[in-house]
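K.L.:
Next up is a structure, given as structure tokens.
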């Protein structure tokens with residue numbers, strides 16, 4: 375598996391050895407049957423199986439028990455632990471689609487969720503999300519974004535949701551031209567040509583953009599991310615910065631998301647849950663390393679210090695080790 379900008383990456387959750395879907399299904403059923411629920415068994419099984427294996431457990435549960443596993447879990451669990459366990463049982467594309475739907479259709483629009491998902495996923499992943507969104511919610515993701523967002527922020531999201539970013543290698547000559555175009559559109563302009571930023575950052579390939587960023591630094595002696603901070607504001611600044619961060623180093627972007635979810639008073643459980651679930655099989659090993667390098671504390675210790683109960687225990691299993 376490869377995250378954008380950093381080569382090959384690896385998750386902390388893998389296929390469980392000697393996996394038996396029927397046995398897991400029966401064990402889960404026993405954990406919920408009768409008086410009380412054994413949450414330890416539930417989290418021990420579901421947090422240590424890959425997503426593919428969880429899909430097999432869902433089918434086995436319906437086959438062997440004759441009931442829907444997710445429905446049973448929802449009736450037995452509650453709070454953030456329930457949300458986390460249900461999230462683990464959704465395939466990645468359907469989970470992302472659900473998060474986007476909730477972000478668009480909930481009370482107000484959760485722009486940070488739209489930014490996080492659409493700025494960090496590759497073409498194939500975005501195309502799968504669009505299809506899952508249509509199938510699960512009988513709605514068109516692009517049309518929903520169009521009706522719930524506005525201005526240049528809307529244009530960036532609509533561009534990203536096409537899942538049509540170039541996938542070629544860097545063109546050094548074109549990269550120099552693109553870097554000059556960004557400079558002329560921002561730092562060297564009276565006002566900002568936001569359209570030029572969108573055209574380049576949303577369509578060019580990751581290897582090409584990495585070269586553009588290098589050329590931009592040479593021209594201007596300033597990081598493009600800093601220029602975006604001074605030239606743009608609000609949601610547009612947020613999404614363009616996220617694109618740049620994900621191109622440079624996606625695990626570092628998610629390490630920052632996790633840190634911000636846990637720093638200060640209170641914990642943003644929803645963001646913490648979403649990132650841990652969605653990255654556990656993708657690049658969690660690299661996220662943990664980036665987290666420790668930048669914040670001088672392990673992700674494991676931050677989770678233990680900021681969460682509690684079964685929610686904490688499940689996240690710790692997804693984190694897989696205090697390294």
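Residue numbers (my numbering): 375 to 697.
Every residue, glycine too, gets a C-beta built ideally from N, C-alpha and C.
1. Whose C-alpha, out of 439, 625, 587, 668, is nearest the C-alpha of residue 652?
2. Is residue 559 helix, strand or coil when you go by DSSP?
3. Measuring alpha carbon to alpha carbon, tell me which residue in 599, 581, 477, 437 is nearest residue 343.
4. If we count the other Cβ atoms within 10 Å of its Cβ and call it buried at 16 or more, is residue 576 buried or exposed?
5. Where does the unbroken alpha helix (DSSP H) through residue 456 begin, and where does it stop?
6. Can you tell me the Cα-Cα spacing of residue 502 and residue 422, whole angstroms?
7. Alpha carbon to alpha carbon, what distance is there between residue 438 and residue 403?
8. For residue 499, which of 675, 476, 471, 484 has the nearest alpha-carbon?
9. Ordered along the chain, which non-local residues of its own chain (more than five positions away) have a Cβ less than 8 Å from that of residue 540?
10. For residue 536 and residue 407, what's the separation of their Cα atoms in angstroms?
11. By Cβ distance, which residues of its chain are closer than 7 Å to residue 450, with the 5 residues on each side in sequence left out?
12. If you drop the 5 nearest sequence neighbours on each side, which residues of the same chain put their C-beta closer than 7 Å to that of residue 397?
13. Going by Cα to Cα distance, which pick from 672, 637, 483 is closest to residue 522?
14. Less than 8 Å between the CB atoms is what I'm expecting for residue 609 and residue 485, so what's the real figure, rounded?
15. One question on the structure: do residue 586 and residue 549 come within less than 7 Å of each other, judged by their Cβ atoms?
16. Among 510, 488, 658, which one has its Cα closest to the Cα of residue 532?
17. Applying the 10 Å Cβ sphere with the 16-neighbour rule, what's the burial state of residue 648?
18. Quick one: give me the first and last residue of the alpha helix (DSSP H) that residue 675 is part of.
19. Using the rule of at least 16 other Cβ atoms within 10 Å of the residue's Cβ for burial, across every protein chain shown, is residue 494 buried or exposed?
P.N.:
Let me lay it out:
1. 625
2. helix
3. This structure gives no information on residue 343, because the portion of the chain shown stretches from 375 to 697.
4. buried
5. 453-463
6. 25 Å
7. 10 Å
8. 471
9. 577, 578, 579, 582
10. 46 Å
11. 406, 411
12. none
13. 483
14. 5 Å
15. yes
16. 488
17. buried
18. 673-680
19. buried
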